[in-house]
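Note sheet for the following structure.
Residue numbers (our numbering): 1333 to 1442.
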């Protein structure tokens, strides 16, 4: 007879959810008119909990600018690591631009 406390534990596997957001991991830098950025942007895909969504290969991220023309390859495919790396983006005009990235209904400015 006693007033013991009963304890029960269970393990639960928590997995990464579907893509819910894009995030700029690396900002573009080193811009010279007409030449590719010396540092190309890197975008990651995240679930609602902020986890990088791995295994999301085949998802495409598209780059654009707020005004003017963006040159180079404007799409990057997300690798199984959840990362999309651009390799040749450039702006010909010497001015400040805002880079924008989109995948499906998700967008982020970088």
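The C-beta atom is built at its ideal place from N, Cα and C for all residues, glycine as well. These numbers come from a predicted model, not from an experiment.
Residue j and residue i - do their beta-carbons sit closer together than 9 angstroms?
i	j	result
residue 1420	residue 1350	no
residue 1410	residue 1363	no
residue 1440	residue 1353	yes
Could you tell me whether any Cβ in chain D is nearer than 9 angstroms to the Cβ of residue i?
i	result
residue 1417	The structure shown contains no chain D; it holds only a single protein chain.
How big is the Cα-Cα spacing for residue i and residue j?
i	j	result
residue 1357	residue 1376	6 angstroms
residue 1436	residue 1339	46 angstroms
residue 1397	residue 1406	10 angstroms
residue 1370	residue 1418	11 angstroms
residue 1442	residue 1431	5 angstroms
residue 1346	residue 1381	11 angstroms
residue 1348	residue 1384	8 angstroms
residue 1374	residue 1429	17 angstroms
residue 1366	residue 1425	7 angstroms
Where does residue i land, buried or exposed, given buried means 16+ other C-beta within 10 angstroms?
i	result
residue 1336	exposed
Assuming residue i and residue j are in contact, meaning their beta carbons sit under 8 angstroms apart, how far apart are those beta carbons, in whole angstroms?
i	j	result
residue 1343	residue 1386	That belief does not hold up - the Cβ atoms of residue 1343 and residue 1386 are roughly 21 angstroms apart, past 8 angstroms.
residue 1393	residue 1416	4 angstroms
residue 1395	residue 1433	6 angstroms
DSSP three-state label for residue i, please.
i	result
residue 1344	coil
residue 1431	strand
residue 1355	strand
residue 1418	coil
residue 1426	coil
residue 1413	coil
residue 1438	strand
residue 1403	strand
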